[in-house]
Structures are given as C-alpha cells and as structure tokens.
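Chains as they are written, first to last, in my numbering: chain A, 1 to 457; chain B, 1001 to 1189.
First comes the structure, then the notes that go with it.
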Amino acid sequence: MAVVDALATVALTVVIPPFLIVLVTVLVLASLGKSLGLRQKYVQFLLKVFEFGRQRLSKNYGKASGDEQEEEEEEDQVSREVICRDKLVLRPTLDKDNNEGLDTHEFELGDCLDYIRTGMEAIVDDEVTKRFSAEELTSWNFLTRTNCQYEFISVRLTIFWVVGFILRYFLLLPLRIIILLIGMVVMVVCTYIVGCLPESKMKHRLNSSVSVFCFDFLSGALSLVCTYHNQENVPRRGICVANHTTPIDVLVLACDNTYDMVGQRHGGFLGIFQRALSRASAHIWFERSESKDRFAVARRLREHVEDPEKLPILIFPEGTCINNTSVMQFKKGTFEVGGIIYPVAIKYDPRFGDAFWNSSKESMLSYIYMMMTSWAIVCDVWYLPPMTRREGESSIDFANRVKAEIARQGGLVDLVWDGGLKRSAPKIEWKQQYQQEFSRRLKVQNVNAEKKEEKTE
Amino acid sequence: MGNKSSLMLQEQDIRDIQAETGFLPSQIERLYSRFTSLDKGDSGTLSREDFLRIPELAINPLGDRIVHAFFKESEDDHVNFRQFVRVLAHFRPIKKAQDNKLNAREEKLRFAFKMYDLDDDERISREELLAVLHMMVGENISDDQLNSIAERTILEADRDGDQMISFEEFCSALERTDVEQKMSIKFLK
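The following block contains the structure:
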C-alpha cells in the first residue's frame, strides 16, 4: 500500500503539473497560433529544409549517373510527363470544330492506325486515372510516403529524415491529437448552446463567431496555414462553389467565413461534425440515394438561396474528391438553381503533406492520421468575382464557364471528364460518338453489291 | 500513395529491358511507375480490367483489340512488366542510330496486322475485316454497306487470289502510309 501511495504521490506532484502546463500552453497557442505567426515561421523553416534536400539530391543523382554540370540544372525542372500527346486524344465530348469540312474517303486498312496509337498512348499516360492518386512531387519532402526512389542516398538526408520522423510522430502528433479532441468537444458544446437560442439576429451573429472560432481552433490540429486572396470577393449570400480535394476544404473555407453546407450525410467521425453544425444553423445534408431525386435537393437549395437572411451555401459541384491537379466536371444541378455564384479556387501545396482523400482507398480515420503526421497543410484560397448565368446560356455551359475560371486561377488542369469515373465505368455514349464520327468520314456506297462490281470491272 | 515505384525493379532487370527494347533507364522507371499505378490489386501483373479501367481506352472503338494485343503472349491472362514494356516498345519512334528489332517498320506493321487478324492465323479474312469495321462504326452503317466496303478492301489488297489478306499483302497495301509516324509515341526522356 505504501508503494502505491508513493507512486500516487509521485504521479500527482511530478507528472501532472507539467502536463497541465503543457496543456494550457498548447490551448493558448492553438487559439492564438495564427496571430503569433508561429505556423508561418514553421512553414518558412520547412521550405528552407526542403530546398537543402533538393539540392543534395540533385547533386547525388549527378554523381551517381555521372552526368555533367548542365544536366544537373535540367534536373531542377524534372517533368513528370512520360509522353508528349499532340494528336487525337479521346474525350467525352467531341471537339465541335471537327464537324466542318468533313471530307469523306474510301476506307483503307490504315484508317485504324490513329485509334491504335491513341489507345496505346492512353495506356502509357491518360488524363483521368492519375487524378485519383496523390500528386507526384518533383523533389523529396522527407516523408516516406512520397519516397519513390530516393532511399538512402546520403547520410545527411537520412539524419534529416530521422529527425523529421521523431518530430512529427512524437511531438506534433500527440499535440495535434489533443487539440483535435478538445476542439471537437468545444465545437459540440458551443453549437449546442447556440442551437438552444431562439431564432434571432443575435443567434446568427453568435453562430458566425462560434463557427469561425471552432474551425480556427481545429485548424491547429493540422497546422493549417492558409493564405486568402482577394478578400473583397468573400461570399455573403448566394452559392459558393469550390474545387474539392478533401473534407479539409470545409475547414479551410470556414476559418475565414461562415457558410451553410450541402453534402452527403456521413456517419462516424464526420457525422459528429455534421450533426453538431446542424444544431446551430440550417445546413443541408442528404443521402446519395435521395440525391437522385434532384428536385428535392434543388428545391431546398432554391429556398435557401432566396432567403436573404440565410448564410451563403457552400457546394462542391465535382461531387467527389480529386487530387488537386485538375478540376473535373461540375454537376449542373447547382447551376440550375439560379442566384449569384461565388467561385473559389483552393490549391494545396503538396510539399508539406498530401491533402487528397481517396475515399475508396482510405478510411476517414486513417486519412486524419496521415494528415496529422504530415508537416503541415499549406494552401492558397482565391475568392473570385461573382458570376451569374447569362441570357440563353445553358446550365452546363455556365458550369463549364465557372469551372474554367477556377481552373485558371488555381493553376489546375480543366478537364471535361466526370469525377465519378473514380468508381464507375465511362458511359457507352462516349464510345458511340467516336464510332459516329468515323462513320461520317467514310465514303459509303449507297448502291447495292451488284452495281458496285460492275464499277470496279 | 501512388509513388511506391522502382523498389521492386532491379538494376539487372532495367539493363535487360533496355537491351531488349531500347528504352532508356529513366523511361523504364517511369513506365514501371505507370504499371504499378494501373495494378490496383498490387499483384505485380495487369488483368484486362486493369487496362479497361482507363476511361480513354474504354471509349476507344478498338479498345478491346488493343488490350488483347498485350495478352497474346501471356498464358494465364495476366501481363507482367516485361511483357508490358515489350508491347509498348513497338511504338518507340524509329531512329536511324538505334537499331532495335522491336520498333522497326515491319514490327509496327505486324502489330497493326494483328489488330485485324482476330484468330491469329496470319490471314485477314472478310469476316475478320467486317468484325473490325463493325467495332469502328458501331450501328451507324448498315451491314450491307459494311460488307461491300470489306469486299472492296480485300479485292484491292489481295494478290494471290485467296480472298484473304496475308501479311505481305497488308504491307504493300500500307506502302504509301506513314506507318512510322502514325504508330509511334513520343516518349520523353
């Protein structure tokens, strides 16, 4: 008993006070972290480290393959392209300008060669499949998960990696987990309190400040460093659309402004947030199966947008997470509702941690674990000027126009392909349109076989 | 998550493949990276589904024939990396300095010939030509018209009168076509 007593005393006097101090410091830092600029300094420091690593790597590569000095400089702009495609590339929508000047010709055996070549090119490198896996980096960022062929090139790099590993897993990870847990509790409690209030202007203001505070606090759990550009275009009402990479997009945008969200109802970890948020404000969560009934969702959207008291709605029209190198097809449903659209472009810096969530490969919790053991999440957010549908413009064309703007601002590739191809096969109509085009180019005899034989003789 | 390439590709393998196909080591490593990213089951081999998961290939009218070209050499309906690169090597551009048997004009022509030759009997019959035409045009042209196109094509190419196109006849029919350019992919260094 005496031993137990002694142990208990030791625990209470030695272990707990420092722990409490650390906890309080962490809480204070987490809520003020951004204003102290600690995260920014951390990110700048990391950039210097990465630069050092990159130079070392190219030096070592140069040594290994015996290249000359000039080639080392070329290595700096290592392109990840395997092939150069400048001819026929098959896409879901045929290029309309091919329709003019269609001169037909007799079929020749060589007509298939173009299709064979473009098929082989697609096997080597296509536009779509690489959008559903992590973006390839041009240089190593000291995370094993991106280590493709760097292995153990030099002792100094290995030491850096080991130090980084210890730092990330034994210092940052526990801190971040603590912040996350406290943040979740704070959010649930605060949104509950706000939800208990009656509808009033004060409730809205309280909801806004509570929401921004909670999300800001949670962003400490990921060391989120976000730069917001063009804040004069921040959405105050209407619909805000953005490209989708990860559920963290919501965190990124909600740290700066308050939105009502629209999305698939999730269970588990995300579900906790969804339910908590719903208590304080009118978010729209739906089931994918219910979303097939587009009218119901569209109706709720329209009601929300037309109410001037309500917050702007945040929607991700791609419908699924893409790996932040491209923007895929925007579903037209959002753009049929009407109202003002505020496009937002989000671009993550992949050097600090890959933010992309492949929901078919990773569960939410393992994704969060990966995020919390990365260096940081660094991103840029551009608020673009509002857009409305022009007279006579179809909702699909409007959606494509908005998509092009977002892609242009974020430096992303603008693709016609549907993000749903992550899980499902392409539509058969897309193959049929190429069959149609090929047929139109063929000069077909309209006479029957007998007459044709007369002609060839 | 998509970057675990090169760990299983040995130096010796790269040298062997370079000797056999003419690809540079950097190209071979990138092709291996592509191979592993297509290999969803992490089995070290590709199945037909792995290929047809590529949307651009799935909407290609000749997609199935192209995939089939990879599986000709394999016995168990799976393509390993060596076979994968060997087929791709046919599409390396022809450079006079690099003499390699896989990407010669004749090899490219043979690849195109095999697209038509469905039963691998070294001859393209009218039915085979019809089947490939059907893949190319879908439902947009009637069977009668397709028939007449197939017959005319065979008539023009057939020299020895057996109503079928042999490989030599195929090569002469494509004499004036720029096969080198049409059947070459610009692999970057």
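Glycine included, every Cβ here is placed at the ideal spot set by N, Cα and C.
No experiment lies behind these values; they were computed from the predicted model shown.
- Boundaries for A:Val444: no alpha helix (DSSP H) harbours it, and the DSSP string shows neither H nor E there.
- Straight across, the Cα-Cα distance linking B:Asp1162 with B:Asp1117 is about 15 angstroms.
- One alpha carbon belongs to B:Asp1160, the other to B:Glu1169, and they sit about 9 angstroms apart.
- Contact annotation: in the region 1015 to 1031 of chain B, residues whose CB is within less than 8 angstroms of a CB in chain A are Gln1027, Glu1029, Arg1030 and Leu1031.
- The beta carbon of B:Arg1123 is closer than 6 angstroms to those of Met1164 and Ser1166 in its chain, skipping five residues each way along the sequence.
- Only Phe1051, Leu1052, Arg1053, Ile1054, Pro1055, Glu1056, Leu1057, Ala1058, Ile1059, Asn1060, Pro1061, Leu1062, Gly1063, Arg1065, Ile1066, Val1067 and Ala1069 from the region 1045 to 1069 of chain B bring a Cβ to less than 9 angstroms from some Cβ of chain A.
- From the beta-carbon of A:Leu113, the residues of chain B found nearer than 8 angstroms are Ala1112, Thr1177, Val1179, Lys1182 and Met1183.
- In the three-state scheme derived from DSSP, where H, G and I count as helix and E and B as strand, A:Leu412 is classed as coil.
- Beta-bridge pairing by DSSP links B:Leu1046 to B:Val1079.
- Taking 7 angstroms as the cut-off, the Cβ atoms of A:Ala355 and A:Ile406 do not count as close.
- Rounded to whole angstroms, the separation of the alpha carbons of A:Ile179 and A:Ser219 is 9 angstroms.
- If the five residues before and after A:Met371 are omitted, its C-beta is found closer than 6 angstroms to the C-beta atoms of Leu222, all from its own chain and listed in chain order.
- Going by DSSP, A:Phe170 is part of no alpha helix (DSSP H) at all; its letter is neither H nor E.
- In this structure, the straight-line span from the alpha carbon of A:Phe217 to that of A:Arg117 is close to 53 angstroms.
- Nearest C-alpha to A:Asp349 among A:Asn358, A:Val225 and A:Ile341: A:Val225.
- Look at A:Trp161 here: in three-state DSSP terms it is helix.
- Annotation for A:Tyr342: the continuous beta strand (DSSP E) segment containing it runs Ile341 to Tyr348.
- Under the three-state reduction of DSSP output, A:Cys226 falls in the strand class.
- Proximity to A:Gln40 across A:Leu143, A:Trp375, A:Met120 and A:Glu136 peaks at A:Trp375, based on C-alpha coordinates.
- A:Trp430 carries a helical assignment under DSSP once its states are collapsed to helix, strand and coil.
- Close to A:Asp125, with beta-carbon spacing below 8 angstroms, are these residues of chain B in chain order: Arg1034.
- The beta carbon of A:Lys403 sits closer than 7 angstroms to those of Val327, Phe330 and Asp414, all from its chain and outside the five residues before and after it, given in chain order.
- B:Met1136 belongs to the set of residues whose beta carbon lies under 7 angstroms from a beta carbon in chain A.
- If you draw a straight line from the Cα of B:Val1179 to the Cα of A:Leu421, it is about 33 angstroms long.
- Taken through DSSP and simplified to helix, strand or coil, A:Cys255 comes out as coil.
- In the structure shown, A:Cys321 adopts coil according to DSSP, grouped into three states.
- A distance of 7 angstroms or more separates the beta carbons of A:Val262 and A:Ile340.
- Residue environment analysis places A:Gln44 among the exposed positions, since fewer than 16 neighbouring C-beta atoms fall within 10 angstroms of its C-beta.
- Taking 7 angstroms as the Cβ-Cβ cut-off, the region 1159 to 1177 of chain B approaches chain A at Phe1170, Ala1173, Leu1174 and Thr1177, given in chain order.
- One alpha carbon belongs to A:Pro247, the other to A:Gly353, and they sit about 15 angstroms apart.
- For A:Ile284, the uninterrupted beta strand (DSSP E) segment begins and ends at Ile284 to Phe286.
- Among the residues facing chain B, A:Met120 is included, as its CB has a counterpart in that chain under 7 angstroms away.
- Using a Cβ distance threshold of 7 angstroms, A:Phe107 and B:Ile1149 count as a contacting pair.
- Between A:Cys321 and A:Trp357, the gap from beta carbon to beta carbon is short of 7 angstroms.
- With contacts defined as CB atoms closer than 7 angstroms, A:Trp140 and A:Gly195 fail to qualify as a contacting pair.
- Contacts between A:Thr129 and chain B, judged by CB atoms closer than 8 angstroms, involve Ser1037, Leu1038, Arg1053, Ile1054 and Pro1055 in chain order.
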